[in-house]
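Number of protein chains: 4
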Amino acid sequence: MYELLGNKWHEECGVYGVFAHDEDVSALTYLGLYALQHRGQESAGIAVTDGAWMDVTRGMGLVNEVFRHQVPHMDNQYIAIGHVRYSTTGSSLLQNTQPLIVNYSGGKISLAHNGNLTNAMEIRKKLEDDGTIFQTSIDTEVILNLIARSRKETVEERLADSLNQVKGAYCITLMTENKLIGARDPQGFRPLCLGKLENGWVLSSESCGLDVIGAEFVRDIEPGEMVIIDDSGIKSVHFAPKQQLASCIFEYIYFARPDSVIDGQSVHDARFMMGRILARESKFKGDIVISVPDSGTTAATGYAYEAGIPFVEGLMKNRYIGRTFIQPTQKKRDTAVQLKLNAIRSVVEGKSVIMVDDSIVRGTTSGKIVKMLRNAGAKEVHMCVSSPPIGFPCYYGIDTSVRKELIAAKKSVEEIRQYIEADSLHFLSIEGLKESLTAVNPNNMCYACFNSDYPVEQGKQPEGSGKYVFEQRKC
Amino acid sequence: MYELLGNKWHEECGVYGVFAHDEDVSALTYLGLYALQHRGQESAGIAVTDGAWMDVTRGMGLVNEVFRHQVPHMDNQYIAIGHVRYSTTGSSLLQNTQPLIVNYSGGKISLAHNGNLTNAMEIRKKLEDDGTIFQTSIDTEVILNLIARSRKETVEERLADSLNQVKGAYCITLMTENKLIGARDPQGFRPLCLGKLENGWVLSSESCGLDVIGAEFVRDIEPGEMVIIDDSGIKSVHFAPKQQLASCIFEYIYFARPDSVIDGQSVHDARFMMGRILARESKFKGDIVISVPDSGTTAATGYAYEAGIPFVEGLMKNRYIGRTFIQPTQKKRDTAVQLKLNAIRSVVEGKSVIMVDDSIVRGTTSGKIVKMLRNAGAKEVHMCVSSPPIGFPCYYGIDTSVRKELIAAKKSVEEIRQYIEADSLHFLSIEGLKESLTAVNPNNMCYACFNSDYPVEQGKQPEGSGKYVFEQRKC
Amino acid sequence: MYELLGNKWHEECGVYGVFAHDEDVSALTYLGLYALQHRGQESAGIAVTDGAWMDVTRGMGLVNEVFRHQVPHMDNQYIAIGHVRYSTTGSSLLQNTQPLIVNYSGGKISLAHNGNLTNAMEIRKKLEDDGTIFQTSIDTEVILNLIARSRKETVEERLADSLNQVKGAYCITLMTENKLIGARDPQGFRPLCLGKLENGWVLSSESCGLDVIGAEFVRDIEPGEMVIIDDSGIKSVHFAPKQQLASCIFEYIYFARPDSVIDGQSVHDARFMMGRILARESKFKGDIVISVPDSGTTAATGYAYEAGIPFVEGLMKNRYIGRTFIQPTQKKRDTAVQLKLNAIRSVVEGKSVIMVDDSIVRGTTSGKIVKMLRNAGAKEVHMCVSSPPIGFPCYYGIDTSVRKELIAAKKSVEEIRQYIEADSLHFLSIEGLKESLTAVNPNNMCYACFNSDYPVEQGKQPEGSGKYVFEQRKC
Amino acid sequence: MYELLGNKWHEECGVYGVFAHDEDVSALTYLGLYALQHRGQESAGIAVTDGAWMDVTRGMGLVNEVFRHQVPHMDNQYIAIGHVRYSTTGSSLLQNTQPLIVNYSGGKISLAHNGNLTNAMEIRKKLEDDGTIFQTSIDTEVILNLIARSRKETVEERLADSLNQVKGAYCITLMTENKLIGARDPQGFRPLCLGKLENGWVLSSESCGLDVIGAEFVRDIEPGEMVIIDDSGIKSVHFAPKQQLASCIFEYIYFARPDSVIDGQSVHDARFMMGRILARESKFKGDIVISVPDSGTTAATGYAYEAGIPFVEGLMKNRYIGRTFIQPTQKKRDTAVQLKLNAIRSVVEGKSVIMVDDSIVRGTTSGKIVKMLRNAGAKEVHMCVSSPPIGFPCYYGIDTSVRKELIAAKKSVEEIRQYIEADSLHFLSIEGLKESLTAVNPNNMCYACFNSDYPVEQGKQPEGSGKYVFEQRKC
Ligand SMILES: Nc1ncnc2c1ncn2[C@@H]1O[C@H](COP(=O)(O)OP(=O)(O)O)[C@@H](O)[C@H]1O
Ligand SMILES: Nc1ncnc2c1ncn2[C@@H]1O[C@H](COP(=O)(O)OP(=O)(O)O)[C@@H](O)[C@H]1O
Ligand SMILES: Nc1ncnc2c1ncn2[C@@H]1O[C@H](COP(=O)(O)OP(=O)(O)O)[C@@H](O)[C@H]1O
Ligand SMILES: Nc1ncnc2c1ncn2[C@@H]1O[C@H](COP(=O)(O)OP(=O)(O)O)[C@@H](O)[C@H]1O
Ligand code: SF4
Ligand code: SF4
Ligand code: SF4
Ligand code: SF4
Ligand SMILES: [Mg+2]
Ligand SMILES: [Mg+2]
Ligand SMILES: [Mg+2]
Ligand SMILES: [Mg+2]
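If you want it as C-alpha cells, here you go:
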C-alpha cells in the first residue's frame with residue numbers, strides 16, 4: 001500500500017451537533033459530517049440520545065463507508081453529535097475514534113473534539129497519579145475525566161472547570177441526555193459556528209455544514225464561549241477570561257472549504273485575495289495561469305484576475321483517487337502523483353506557465369508537478385504559493401511533519417526553487433497574507449508555523465513528539 | 001432473525017493467557033480460544049505485548065470470524081491474553097468486548113474477566129461519585145479502576161487490593177508489559193488452570209485449552225490465589241482469607257467441555273456418573289436410551305451403561321446451525337427446533353424411549369422434542385434430566401432468565417411433565433448430583449440455582465436486573 | 001492457512017427444489033439447504049422465479065454465510081431451486097457456483113446438479129467444435145447446452161434428450177418459469193427424493209431436507225425417472241431404458257446424514273448394522289467402544305450393542321472448527337487434529353479401547369488419533385472401520401484423492417495397521433457391508449472404490465485427472 | 001437510499017489491455033482502470049493470463065473497492081485486460097460484470113467491451129434458435145458466441161467474422177493465452193488508443209489511461225481496425241469496409257476526461273472552444289462566469305476567456321459524495337443537489353452571473369442550481385450550455401433516459417428557460433459545436449441525440465427498451 005497524501009498538512013477533525021425535536025437528528029448529523037469530510041477522512045462517528053439512552057456508531061473510513069448500511073437511530077432521538085477525524089496509519093485505531101460516550105456520577109456524556117491540548121500530557125499524568133485509567137490516546141478522554149472530577153454541579157459548570165485547566169486549541173460538541181453544548185477555546189484556534197433549524201439548533205466546525213441541511217447561519221461561537229442548548233432554549237456563557245485571539249490562518253489558506261465563512265471572513269474571498277496579492281507581489285508574466293487542483297484553484301483564479309492573464313486548466317485531477325492504492329512496480333516512482341494529476345499537453349505546450357498552489361510542505365510533490373508540466377511541453381514554469389514558507393511545526397491540532405521534514409526549515413526560497421526545478425518561485429509574504437483578510441482582524445490570527453510566534457506557551461514539547469504524546473495522535 | 005439458543009443458560013466467558021519467549025503467543029492464544037469457544041460465541045479478543053507496547057484485536061463473532069484475516073502479532077511478543085464472551089443481542093456492543101487495555105500510573109494493563117461481581121454496581125457508584133468515568137458496562141472496568149486507585153506499589157499488590165473489594169465470581173487473566181497474572185475468586189466459582197509449555201506458562205479457563213496447544217496440565221488455580229508469571233519465574237500469592245468454597249456445579253452439568261478436568265474432577269466422569277445415578281433413581285424401563293445431543297450425550301451413555309439398555313442415536317443434530325437464522329414462514333412455529341434436531345424414525349418407531357438431557361430451563365424445547373419423537377412413532381417417551389429442577393436465578397456469571405421464566409420456579413415436576421407431554425419425567429436429586437462427584441468434595445460446590453442457597457450475600461439485586469446493572473451485561 | 005479436512009472423501013453437492021403457491025419458496029429452500037449442508041460447505045445458491053423473472057443469489061461459504069443478510073425473494077415467487085457444493089480451494093471459484101440461470105430459445109432455465117458426468121469432456125469437446133462457448137467448468141453447463149440444442153419441443157423432452165447423451169452420475173433439480181423438474185440418472189448413483197407440502201411439492205437430495213420444513217416424504221425418484229411439477233400437478237416420465245442399478249454405497253457409509261432414508265433404507269440402520277457386523281467379524285474384545293466423532297458414532301453404537309461392550313465417549317470433537325484455521329507454529333505438527341479432537345484421559349486410561357470410524361482414506365488422521373489415545377493412557381487401541389479398504393478412485397461425483405494417495409491402494413491391512421500404529425485393525429468385508437443393507441437390494445449398489453467394479457464404462461480418464469477435466473472440479 | 005446521479009447521461013464502459021513481459025501487467029491494468037474510472041463506476045474487472053491459465057477478479061463497486069485487498073496476479077503473467085462499467089441499480093448484477101472468460105474450441109478467450117450492438121437482440125435470437133444458451137445480458141456474450149461459431153482458423157479471423165455480423169458501437173479488448181487484440185467499430189463511435197511501454201503495448205479507451213502508467217501514446221485505433229499483439233510484435237488488420245465515420249460528439253462534450261486526446265483532438269481544447277463559441281453566440285453580458293463543476297469548468301474557462309469576463313468559483317462541489325446516500329428527511333427535497341453543490345454567497349451576491357454547464361438532460365438539477373444561486377443573492381442567472389438541446393435517445397452505448405424524460409424532447413428553449421427559472425438560457429448551436437472541433441473533421445461525428453440523424457439503421461428498437469433488451473443493460 002502506498003500513501004497518497006503524505007505530502008500535506010492535515011486538518012485533524014470536524015465536529016457537529018444537532019438539537020431538534022421532530023427532526024431526524026442523526027441523519028442531519030450524517031449530512032453535516034459529509035460536508036465536513038475534508039476535515040478528516042480516517043474515521044467517523046455519530047452519537048444520539050433520546051433523553052434516556054445513548055447510542056453510537058463509530059468506524060474507520062469515510063462517512064459513507066462507516067454509515068454504509070445505517071446511521072444510528074433511536075425513536076424519539078432529539079440530540080446528536082458527530083465527528084470526523086484524520087489520522088496516520090500507525091495510530092488510526094478503532095478505539096481512538098470519536099465521539100466517546102461515558103457514564104459519570106452526573107449521568108451520560110458524549111463528546112467530540114477538534115484540536116490539540118498542549119498540556120494534555122501533564123494533566124493526564126496528574127490524573128493517572130491520582131488513580132485514573134485511560135483507555136484511548138485522545139485528548140477527549142482528559143476533558144471527560146476533568147468533567148467527572150469537577151466539584152461543580154451542572155454539566156456546563158463542570159465543563160467550564162475542565163476547560164479552564166486545559167491549554168491549547170479545541171472546539172467541542174458535547175451532549176448529555178438533554179443538553180447540547182458547544183465550546184471554543186479562548187484563543188479561537190479552530191472554527192465553530194451556530195445555525196438554526198425551524199425548531200432546533202446546529203453546531204458545526206464550518207458553515208458549509210449548516211448549508212448542507214438548510215440551516216440558517218446564526219453566528220460563530222466566540223473564543224472562550226460555551227453555548228448550552230436544551231428544551232428551555234439557548235444560553236451563552238463565557239467560561240474563560242479574554243485572551244489574545246489566535247485563529248489559525250491555515251484554515252483560510254488550505255483547511256477549510258472555500259464555501260465556508262469563518263468569523264465573518266469568507267474563505268473563498270480570502271483565498272481569492274491571496275491570489276491577487278500574490279500576483280501583485282510576484283509580478284510574474286506568463287501566458288497562462290493554472291492551479292494545482294483543488295486547493296490551488298481559488299488563489300489561481302484570483303491571480304489570473306489581478307494579472308489579467310487567462311485562467312485555464314493545465315492539470316487534471318483524478319477525482320476517484322482514495323487515500324491509498326496498491327503500488328505496482330518499483331520502476332515507476334512517480335506513479336502516486338501521476339495517478340492523481342495529469343498535465344494537459346495542448347494547454348501548456350510551448351507556454352510560459354504560472355502555476356499556483358496553496359503551500360509547500362516537503363516540496364517533493366511540487367517538484368514532480370513541475371517536471372510533469374515540462375514533460376508536457378511547458379516552456380517555463382513559474383510557481384506561486386499563496387502562503388509564506390512553512391518553517392515551524394504546529395501544536396494546535398495539525399498533523400505537522402516534524403520540523404526537519406519541512407523544506408522551508410532548511411532551505412532558502414532560492415534553494416527550494418532549485419529543488420523543485422521551477423523557473424521562478426514566489427511565496428506570499430506574511431504582510432500580503434494579512435492583507436488578504438478583508439473581513440476579519442489580521443492581528444487576531446496565529447501565524448506560528450510561518451514565524452514561530454506561538455500564541456500559547458506550549459510546554460516542553462520534545463521535538464517531533466507533538467503527535468504521539470500518548471503513543472497515539474490526538475485530535 | 002430468529003434466535004436459536006434462547007432456551008438455554010449460557011456460560012458467559014472464557015479467559016486465556018500465555019507467557020513464553022520464542023513462541024507465537026498470540027497464535028497459541030487463538031488456538032486456546034478455539035478450545036474455549038463453547039464458553040462464549042458472541043465476541044472474542046486477543047491482546048499481546050512485546051514488553052513495551054500492547055496491541056489488541058477484538059470483535060463480534062466466533063473466534064474464526066474475528067480472526068479471519070489475522071491474529072494480532074508483534075515482533076518479540078511474549079505475553080498474550082484472550083477472551084471469548086457470550087451475550088444477548090441487546091448488549092452485544094463492540095465497546096463491551098474484552099480484553100480491555102488501559103494506561104494508568106504504573107503503565108499498561110490488559111485484562112480479561114469471566115464471572116460476575118455482585119457488588120460491582122455499588123463500587124461503580126462510589127467510584128463515579130469520586131470522579132471516575134466509565135466507558136463500558138463490564139465489571140472488568142471496575143477492577144481496573146480499583147487497581148489504578150490502589151496505593152500499593154506492585155501490580156500484584158494493587159490487583160489484590162482491588163479483588164479484596166469486589167464480591168462474587170471471577171476468574172481473570174491480566175497482563176502488564178512484563179507480567180502475566182491469573183486470579184480466581186476466593187470461593188472458586190469459575191474454573192481456571194495452569195499449564196506448562198517447554199519454555200513458558202499458560203492460563204486457561206478449562207484444561208481443554210491446554211490440551212489443544214500441547215501444554216502440560218500443572219494444576220488448578222486455587223480459590224483466592226493469584227499466580228504471577230514473569231521472567232523470574234512463577235510466584236503464587238493467596239490474596240484473600242479462606243472462605244467456604246462454592247464452585248459452580250453447572251460447570252459439571254453443562255457448561256464445561258466433557259474433556260476438561262476441573263479441580264481434579266473429570267467433567268466427563270461427573271456427567272457419566274450423573275447418568276448412572278439417574279438410572280438408579282428413575283428406574284425407568286425402556287427399549288432404548290437416547291440423548292438430546294450434544295449436551296445430554298455423556299449422561300445418556302452413563303444411563304445406558306447403568307440400566308443395561310442400549311444407547312442409540314434417536315435424534316440427529318445439525319452441526320451447521322449458527323446462532324441465528326432467517327425465520328421462514330409464520331406457519332411453521334417449530335422450525336427452530338426442527339432445524340437443529342431431527343428424530344430418526346427407524347430408531348424410535350414403536351419403541352419405549354428413555355431420553356436424557358442435562359437440564360430444563362424454560363421447558364419449551366423439551367416439549368417440542370418429545371412431540372418430535374412421538375411424530376416419529378415413539379410409543380412412550382420418558383425424559384430423564386441429569387440435574388435437579390432449576391428454580392432460582394444465578395448471580396455468578398450465568399445469563400439466567402429472570403426467575404419467572406424458569407419453569408421449575410412455577411411448576412411441580414408433575415406439572416412440568418404434563419407441560420412437555422412426556423410419559424414420565426425424572427430430575428436427578430441434589431443428593432444424586434453430589435454423589436456423582438467422585439474426585440471433588442461435593443460440599444465445596446454452589447447449588448444455589450437449585451436450592452437458593454446463595455454462597456455470597458449478593459446485595460439487593462432487584463429481581464430480573466441481574467443482567468443489566470449497567471445497562472449492559474457483564475461477564 | 002491450514003486445511004483441516006484434507007483427509008476425507010467429500011460428497012460434492014446437494015440439490016433442492018420447491019414448487020408451492022402461497023409459500024415462501026426461497027426461504028423453504030434456504031432451510032432445505034441448511035439440512036443438506038453436510039453435502040457441500042464451499043458454496044451455496046438459491047434461484048427463484050415468479051413465473052416471469054428469475055433471480056439468483058450465489059456465493060462462497062456456508063448457507064448461513066451466503067444468505068447472512070437475505071435470501072433472494074420475489075413477490076409471487078412460487079418455484080425455487082437450491083444447491084450446496086464442496087470444492088477444493090484451487091477451484092472454488094465464484095463462477096462455478098450453482099444454480100446456473102440461462103436463456104435459451106425456449107425461455108429461461110435454472111439448473112442445480114449433483115454428480116459427475118463421465119463423458120462430459122467428450123461432449124464438451126464436441127459442443128466446442130460445434131461453436132459452443134463455456135463459461136464455467138461444471139457439468140451443469142454441458143447439460144444446459146444439450147437442452148438448448150435439442151430439437152424437441154417441451155423442456156422435459158429436451159431434458160430427456162440431453163440426459164440420454166450424458167453418462168455417469170447425476171441428480172438434478174431444474175426450474176423454468178413455470179415448471180419444477182427433478183431427474184436421477186438411470187443407475188441411481190446419487191439420491192433424490194420427493195416430498196409433499198400442503199399445497200406444493202419438494203425435491204431434496206436427502207429426506208432430512210424434507211423433514212426440516214415439515215414436508216411429507218412421498219417417495220424416492222427412481223433411477224432413470226424424471227418428475228415434472230407444474231400447475232397441472234405432477235407427472236412422471238422414465239427417460240431412459242432400465243439399466244443395472246448402482247447406488248453409491250458410500251452414501252450409507254459416510255456421506256448421507258444418518259437421519260435420512262435413501263431408497264427405503266434408513267442410513268442410520270445401515271450404519272448401525274455395519275457396526276454390528278463389524279463386531280461379529282472382528283471379534284475384538286476390549287473394555288470400551290468409542291467412536292471417532294461424528295462419522296464413526298452410529299457404527300460404534302452398533303458395535304457396542306452387538307459386542308455387549310459399553311459405548312462411551314473417548315474422543316471429544318470441537319464443534320466450532322471451521323474448514324481452515326491459521327497454523328500457529330511449525331513445531332506443532334499435530335495441531336490440526338488436536339484442534340478438532342481431544343482424548344478423554346479418564347475414559348481411556350488403562351483401557352483396551354475399540355475405536356470405530358467409517359473409513360480410512362490416507363490414514364494420516366487415524367494414525368494421529370491412535371497416538372492421541374495412547375498419550376491419554378489407552379492400554380490397547382483396536383481400530384474397526386465400518387467399510388472395506390478404499391483401493392480405487394471414484395468417478396461418480398466424489399472428490400477422490402488420486403489413487404496413489406489412497407493408503408489401501410498401496411498397503412495391505414497389516415501394513416496399514418503398522419502405519420497407524422494400532423494394536424489391531426479390522427475393515428468390514430464387502431459381504432458384511434452388503435449384509436448391513438436390510439431394506440435395499442445390496443446388488444443394486446456401486447462398490448467400485450472397494451473392488452474397482454465400475455458400473456459405467458468411464459471413458460479414458462487419465463489417472464488423477466478426474467477432478468480437473470475442465471481445469472476446475474465438477475459437481 | 002437515494003440515487004445522486006439520476007440526472008445525467010452516463011458513459012457505459014471503459015476498456016483496457018496490456019501486453020508486456022517483465023511488467024506487472026495486472027497492476028498496470030489496475031492503474032489504467034483508475035484513470036478510466038469516470039467511464040463506469042458500478043463494476044470493475046481484471047483478467048490475466050500467463051500463457052496457459054486465465055484468472056479474473058470482477059466485482060461491483062469502484063476500482064479501489066473491487067481491488068481493495070488484491071489485484072489478480074499470476075507468476076509469469078504477461079497479458080491483462082480490464083473493464084469498468086456503469087449500470088443502473090436494477091441490472092447491476094454480478095453476473096453482468098466483465099471481462100468474461102470463456103473456453104471454446106480454440107482455447108480460452110477473455111473479452112471486455114464498450115458500446116452497444118444495435119442488432120444484438122436479432123443475433124441473439126438467431127443463436128438461441130440454433131441452440132445457444134446465454135448466461136448474461138451483455139453484448140459481449142453475443143460476440144463470443146459468434147467467435148466460437150466462426151469457421152475461420154485464427155482468433156483474429158474469427159473475431160473479424162464476428163464483428164462483421166454485428167452492428168452498432170463497440171470498442172473491445174480481447175485476450176487469448178498469447179495474444180492481446182483491440183478492435184474498434186467501423187464507424188468509430190467509441191474511442192480506443194494504442195500506447196507503448198518500454199517492452200510492451202497498451203490499449204486504452206482514452207489516452208489518459210496511457211499517461212497514468214507512463215506509456216507513450218502511439219495512435220488511435222482506426223474505425224474498422226483490429227490490432228493483434230503477440231510475441232512476434234504488433235499487426236494491424238482492417239476487418240471491415242470503409243464506412244461513414246460517426247464518432248460520438250458527446251465524448252468531447254462530457255464523457256471523456258479533459259486531459260484525453262481522441263482521434264487527434266484534445267478534449268480540453270474542444271471544450272474550451274465550445275465555451276468560447278458559446279460566448280460568441282450567446283453574447284450574454286454579466287459580472288462573472290462560473291461553472292457547474294466539474295463538467296462545466298473547461299467550457300466556462302473558455303467562455304470567460306472569450307468574453308473577457310472573470311472566471312470565478314461560484315459553486316463548490318463536495319468531492320466526497322458517492323453515488324448514493326441515505327436520504328434524511330422527507331421535508332428536505334433538495335438535499336441531493338445541496339449535498340453535492342453549494343453556492344458561495346460572497347462570490348455571487350448582487351452579481352449578474354453567467355453559469356456554464358455541459359448539457360441539460362432532464363432539467364431538474366439545473367433548476368435547483370439556479371435557485372441555489374438566487375438564494376445566495378445572485379441578481380441574475382444566465383445559463384449557457386456547451387451543447388445543443390438533447391432531443392433524442394442514443395443507441396450507441398449511452399444509458400439514455402427514454403425520450404419522454406428528455407426535457408428538450410418536449411419543450412422549446414424558452415420553455416426550458418422558464419422551467420429552470422433562469423434569466424436567460426443559451427444552448428450551443430450544432431454549427432458552433434462543429435466549429436469547436438479544430439483537429440478532427442466535424443463531419444465524421446455522430447450528432448444523433450441532437451438531430452436524430454442516426455448513423456446506423458438501428459433496427460426496430462421499441463421506444464424506451466434500448467436499455468433492457470435482454471432484461472439487463474448492455475455495455
Ligand atoms: N478524473 C477526472 N478528472 C477530471 N475530470 C473528470 C475526471 N473524470 C471525469 N471528469 C469529468 O467530469 C465530468 C463529470 O463531472 P461532474 O460534472 O462533476 O459530474 P456530473 O456527472 O454530475 O456532471 C465529465 O465532464 C468528465 O469529463
Ligand atoms: N447434520 C448432521 N448431523 C449429524 N451428522 C451429520 C450431519 N451432517 C453430516 N453428518 C455426518 O457427519 C459425518 C461426518 O462428520 P465427521 O466425522 O465429524 O467429519 P469428517 O469425518 O468429515 O472429518 C458424516 O458421516 C455425516 O453423515
Ligand atoms: N467443543 C465441544 N465438544 C464437545 N462438546 C462440547 C463442546 N463444547 C461444548 N460442548 C458441550 O456441548 C454442550 C452444549 O451443546 P448442545 O446441547 O448441543 O447445545 P445446547 O444444549 O446449548 O442447545 C455442553 O454440554 C458442552 O459441554
Ligand atoms: N468539499 C470540497 N469541495 C471543494 N473543495 C474542497 C472540499 N473539501 C476540501 N476542499 C478543498 O480542497 C483542498 C484540498 O484539495 P487538494 O488540493 O485536491 O488535495 P491536497 O490535500 O492533496 O492538496 C483544500 O483547500 C480544501 O479547502
Ligand atoms: S501554527 Fe500554523 S497551522 Fe498551527 S494553528 Fe498556527 S497558523 Fe494554524
Ligand atoms: S447458582 Fe447455579 S449456575 Fe450459578 S454458580 Fe451456583 S450452581 Fe452455578
Ligand atoms: S466408486 Fe465408491 S464413492 Fe464412487 S459411487 Fe461407487 S461406491 Fe460411491
Ligand atoms: S447519439 Fe449522441 S450520445 Fe449517442 S453516439 Fe451519437 S452523439 Fe454520442
Ligand atoms: Mg492541494
Ligand atoms: Mg443441549
Ligand atoms: Mg469422520
Ligand atoms: Mg456535471
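Chains as they are written, first to last, in UniProt numbering: chain A, 1 to 475; chain B, 1 to 475; chain C, 1 to 475; chain D, 1 to 475.
Where is the CB? At the ideal position from N, CA and C, for every residue including glycine.
Please read all numbers here as calculations on a predicted model, not as lab measurements.
Do A/G61 and A/S205 count as a contact pair if the criterion is CB distance below 7 Å?
Within the first sequence, the letter at position 205 stands for residue 205 of chain A. Within the first sequence, the letter at position 61 stands for residue 61 of chain A. The beta carbons of A/S205 and A/G61 sit no closer together than 7 Å.
Who are the neighbours of D/Y34 on chain F, taking C-beta pairs under 8 Å?
No chain F is part of this structure, whose protein chains are labelled A, B, C and D.
Under the three-state DSSP convention, the category A/H73 falls into
Stepping through the first sequence from its first residue, residue 73 of chain A is reached at position 73. The answer is coil: DSSP assigns A/H73 none of H, G, I, E or B.
Considering only heavy atoms of ligand 8, list every residue whose Cβ is less than 5 Å from one of them, following chain order.
Taking each Cβ in turn, the ones that pass are D/C248, D/I249, D/F250, D/C394, D/Y396, D/I398, D/C446, D/A448, D/C449.
Indicate whether B/L194 and B/R219 have their beta-carbon atoms separated by less than 7 Å.
Sequence index remark: in the second sequence, residue 194 of chain B carries index 194 (1-based). Sequence index remark: in the second sequence, residue 219 of chain B carries index 219 (1-based). In contact: B/L194 and B/R219 (Cβ atoms closer than 7 Å).
Contact test: C/S295 Cβ vs ligand 11 heavy atom, cutoff 6 Å
Residue numbering aside, residue 295 of chain C sits at position 295 when the third sequence is read from its first letter. Yes, Cβ of C/S295 sits closer than 6 Å to a heavy atom of ligand 11.
Buried or exposed (CB count within 10 angstroms, at least 16 for buried), C/H382
Indexing the third sequence from 1 puts residue 382 of chain C at position 382. Answer is buried; the Cβ neighbour count reaches 16.
Check whether the Cβ atoms of A/Y303 and A/A270 lie closer than 7 Å to each other.
Translated into positions along the first sequence, residue 303 of chain A becomes position 303. Translated into positions along the first sequence, residue 270 of chain A becomes position 270. No. Outside cutoff.
Proximal residues to A/N199 (C-beta, below 8 Å), its chain only, five neighbours per side dropped
Indexing the first sequence from 1 puts residue 199 of chain A at position 199. Around A/N199: A20, H21, D22, E23.
Can you give me the start and stop residues for the alpha helix (DSSP H) that residue 482 of chain C sits inside?
For chain C, the structure presents residues 1 to 475; residue 482 of chain C sits outside this window and is missing.
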